[in-house]
Amino acid sequence: MKIAVPNKGRLHDPTLDLLERAGLAVEAGADRQLYADTVDPDVSVLFARAADIPEYVADGAADLGITGYDQHRESRVDDVSDLLDLEYGSCRLVLAAPEDGGIDAPADLDGLTVATEFPNVTADYFDGKDIDVDVVEVTGATELTPHVEMADAIVDITSTGTTLRVNHLAVVDEVLDSSVRLFARDDVADDADVDRVVTALRSVLDAAGKRYVMLNVPQDRLDAVEDVLPGMGGPTVMDVEGDDSVAVHAVVDERDVFATVAELKAVGARDILVTEIERLVE
162 MKIAVPNKGR LHDPTLDLLE RAGLAVEAGA DRQLYADTVD PDVSVLFARA ADIPEYVADG
222 AADLGITGYD QHRESRVDDV SDLLDLEYGS CRLVLAAPED GGIDAPADLD GLTVATEFPN
282 VTADYFDGKD IDVDVVEVTG ATELTPHVEM ADAIVDITST GTTLRVNHLA VVDEVLDSSV
342 RLFARDDVAD DADVDRVVTA LRSVLDAAGK RYVMLNVPQD RLDAVEDVLP GMGGPTVMDV
402 EGDDSVAVHA VVDERDVFAT VAELKAVGAR DILVTEIERL VE
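Below, the structure written as structure tokens:
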């Protein structure tokens, strides 16, 4: 099985890190290669431009692809399924125009020009609103085009909005919410091997923000501990050999750990251990 992943840019390192945490670490020396093996002999990766990955998957050069949802929409490829939101690389594709420029709604651009690095997404957006605009494709510095009279507005990616504000551009409308997704060719989307990869990646996502709590508590204080630690379907309780105590294990949200440990101590728990969780398969 081949997984197409971004060969560079802001998505490259987070993608390789996610694969490693999911048990699919890419072998050393892969940076200068088109293909690379992973520690799983049945899975390899194909390094490609993020924008090309949907096409690689659709054409069969890869079975799975990891890239932004915006790139998938821009590619307009068919026969590719969106399997899993990988919860990083989040951004918005927005319609923006010069502040105090008289463009307050998408309809104000009827008959005008919009510059973007996403001509297909932009055309689809305006077609859906039955607004006629001239879409001009640019390859960088999109935010400058209204100031050099190349365009009346832009459609561009924003994460924090800082670049727009610096260039005196105001958001008129949101075009698309995007994050990095796992895509599969439709004819393999239900295969067992694909499901194995989905399960591995999802287990990393499910473990994020969770902590594993272990402790000992006297048997007669167990009910109080269980009230503090409802866990996932209830805590796991085990007898401690040669003692009147029991060992209790549970998964808790990271943001609740501080308060939870204090409550556990208050009801008689001892030997409390909190650890990170690398993967969580439900």
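So the mapping is simple: our numbering equals the position in the sequence shown, first residue as 1, plus 161. Backbone N, C-alpha and C define an ideal beta-carbon position, used for all residues, glycine too.
- Each of L343, D354 and L390 was checked against the Cα of L366, and the nearest Cα belongs to L343.
- Separation of the CB atoms of V241 and P215 is rounded to 6 Å, and the pair is thereby assigned contact status at 8 Å.
- Annotation: F208 to G221 spans about 14 Å, alpha carbon to alpha carbon.
- For V206, the beta-bridge partners assigned by DSSP are I164 and A197.
- Boundaries for N377: no alpha helix (DSSP H) harbours it, while the beta strand (DSSP E) harbouring it runs K371 to P379, taken from the DSSP string.
- Per DSSP, the continuous alpha helix (DSSP H) segment holding P280 begins and ends at P280 to G289.
- Beta-bridge partners assigned by DSSP to G226: A165 and F344.
- Separation of D356 and A350 (C-alpha to C-alpha, rounded to the nearest whole angstrom) is 8 Å.
- Around the beta carbon of A223, a 10 Å sphere encloses 16 or more other beta carbons of the protein chains shown; the residue is thus reported as buried.
- Taking C-beta separations shorter than 8 Å and ignoring five residues to either side along the sequence, the partners of G370 in its chain run D414, E415 and R416, following chain order.
- The alpha-carbon separation between N281 and R234 amounts to approximately 8 Å.
- With at least 16 other beta carbons inside 10 angstroms of its own, G226 counts as buried.
- Within the model, the alpha-carbon separation for A385 versus G184 is close to 38 Å.
- Membership of H173 in the alpha helix (DSSP H) is indicated by the continuous run H173 to R182.
- Excluding the 5 residues flanking it on each side, I315 has same chain C-beta neighbours closer than 8 Å at L256, A257, A258, V275, A276, T277, T303, E304, T306, P307 and L330, in chain order.
- Residue environment for S251: exposed (fewer than 16 other C-beta atoms within 10 angstroms of its C-beta).
- Between Q194 and A212, the gap from beta carbon to beta carbon reaches 9 Å or more.
- Setting aside the 5 residues that flank it on each side, L434 is surrounded in the same chain by V374, M375 and L376, each with a C-beta closer than 8 Å to its C-beta; the list follows chain order.
- Here the C-alpha atom of R182 lies approximately 31 Å from the C-alpha atom of G322.
- Per DSSP, the continuous alpha helix (DSSP H) segment holding D388 begins and ends at L383 to V389.
- Counting of Cβ neighbours within 10 angstroms places D404 among the exposed residues, the total staying below 16.
- The continuous alpha helix (DSSP H) containing E216 extends over residues I214 to D220.
- R372 and V398 have their C-alpha atoms some 17 Å from each other.
- Taking all protein chains in view, the Cβ of V187 is crowded by 16 or more other Cβ atoms within 10 Å, so the residue is classified as buried.
- Judged by DSSP in its simplified three-state form, S406 adopts strand.
- The beta-carbon distance between V206 and R346, rounded to whole angstroms, is 16 Å. This is too long to meet the 8 Å contact definition.
- Beta-bridge partners of P259 (DSSP): L330.
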